[in-house]
Amino acid sequence: MRIELHGNTLNLRAVETAVEILRDGGLIIYPTDTVYGLGCDISKKSAIERIYRIKGMEKQKPLSFMCADIKAISKYAKISTANYRNMRKYLPGPYTFILPGTKEVPKALLSKQKTVGIRIPDHPLTLAILQALGNPIISTSVNISKKSFASDPLEFSEYYEGQVDLILDSGPTWAELSSVIDLTDDDHPVVLRHGQGDVSWCLT
Numbered sequence: 001m002r003i004e005l006h007g008n009t010l011n012l013r014a015v016e017t018a019v020e021i022l023r024d025g026g027l028i029i030y031p032t033d034t035v036y037g038l039g040c041d042i043s044k045k046s047a048i049e050r051i052y053r054i055k056g057m058e059k060q061k062p063l064s065f066m067c068a069d070i071k072a073i074s075k076y077a078k079i080s081t082a083n084y085r086n087m088r089k090y091l092p093g094p095y096t097f098i099l100p101g102t103k104e105v106p107k108a109l110l111s112k113q114k115t116v117g118i119r120i121p122d123h124p125l126t127l128a129i130l131q132a133l134g135n136p137i138i139s140t141s142v143n144i145s146k147k148s149f150a151s152d153p154l155e156f157s158e159y160y161e162g163q164v165d166l167i168l169d170s171g172p173t174w175a176e177l178s179s180v181i182d183l184t185d186d187d188h189p190v191v192l193r194h195g196q197g198d199v200s201w202c203l204t
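Sequential numbering from 1 applies to the sequence shown in this note's numbering.
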């Protein structure tokens, strides 16, 4: 199924449809403030396994996920006072933060170091889906090995048609990936990937 959107306008039908599919263990492709994401409800183990198969990813590579707000993040990650201040300043936004995970995180999403990657996207539709669902959503770009097409539905739709249950198409984004910031050391944030967003605060 495909629903065409008009830019970042909030489409309640799209939100309701996406939430229904996610609750049923389905996969969706959705727009964010960076590139398009491929996701499922974090609690649906079989759906997470489908994502690994579709993208041809090794299961040793953990997937990140999105939360609706920092309060939701605190259920899945340990956040120090210093990190909380930084996250409040820069979220929602184009960042993936690496944090120590809690016992609430499915094992498939934990790294060997017991860390997790978490986002809060600055996109009204995606945030509305997260809030209505009440659970985090897996956050991985629609890029696959040797093929980078995460910004334009015209390019990735052919590959994903029939492999996912819903494509939310808001047109091309021409955006970069998120910046990935490791916050496991409270006093020394580390830029693991410089994508969108200001990372100068990590370099001082």
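In this text, a Cβ means the ideal position worked out from N, Cα and C, and glycines have one as well.
Taking the DSSP output, what are the residues bridged to residue i?
| i | result |
| --- | --- |
| I51 | Its beta-bridge partners do not exist; DSSP assigns none. |
| L168 | I3 |
| L99 | V116 |
| F65 | I118 and I138 |
| Q196 | S178 |
| A77 | G101 |
| V234 | The requested residue 234 is not part of the displayed model; the chain covers only 1 to 204. |
Please report the Cβ distance between residue i and residue j, rounded to the nearest whole angstrom; I am assuming they are in contact, meaning their Cβ atoms lie under 8 Å.
| i | j | result |
| --- | --- | --- |
| A14 | I3 | 5 Å |
| T126 | Y30 | 6 Å |
| I138 | I51 | 6 Å |
| D183 | I98 | Rather than Asp, the amino acid found at residue 183 in this sequence is Leu. Correct: roughly 6 Å between the Cβ atoms. |
| L5 | D169 | 6 Å |
For residue i versus residue j, is the C-beta spacing smaller than 7 Å?
| i | j | result |
| --- | --- | --- |
| I70 | M87 | yes |
| S179 | Y95 | yes |
| P121 | T17 | no |
| G195 | L177 | yes |
| V190 | V199 | no |
| N143 | I42 | no |
| L12 | P124 | no |
| L27 | T140 | no |
| I73 | Q163 | no |
| L133 | V19 | yes |
| A68 | L130 | yes |
Which stretch, first to last residue, makes up the beta strand (DSSP E) that contains residue i?
| i | result |
| --- | --- |
| I28 | I28 to Y30 |
| L38 | G37 to G39 |
What residue range does the alpha helix (DSSP H) around residue i cover?
| i | result |
| --- | --- |
| S157 | P153 to Y160 |
| I21 | L12 to R23 |
| Q131 | P124 to L133 |
I'd like to know if residue i contacts chain C, where contact means its C-beta is closer than 7 Å to some C-beta of that chain.
| i | result |
| --- | --- |
| L91 | Going by chain labels, chain C is absent from the structure shown, which holds only one protein chain. |
Using 8 Å as the threshold, is the stretch 34–46 in touch with the stretch 77–87, meaning 3 or more CB pairs across them? The stretch 77–87 and the stretch 34–46 do not touch, with fewer than three beta-carbon pairs separated by less than 8 Å.
Sufficient close CB pairs (3 or more, under 8 Å) joining the stretch 25–39 to the stretch 101–114: Not touching, per the Cβ criterion.
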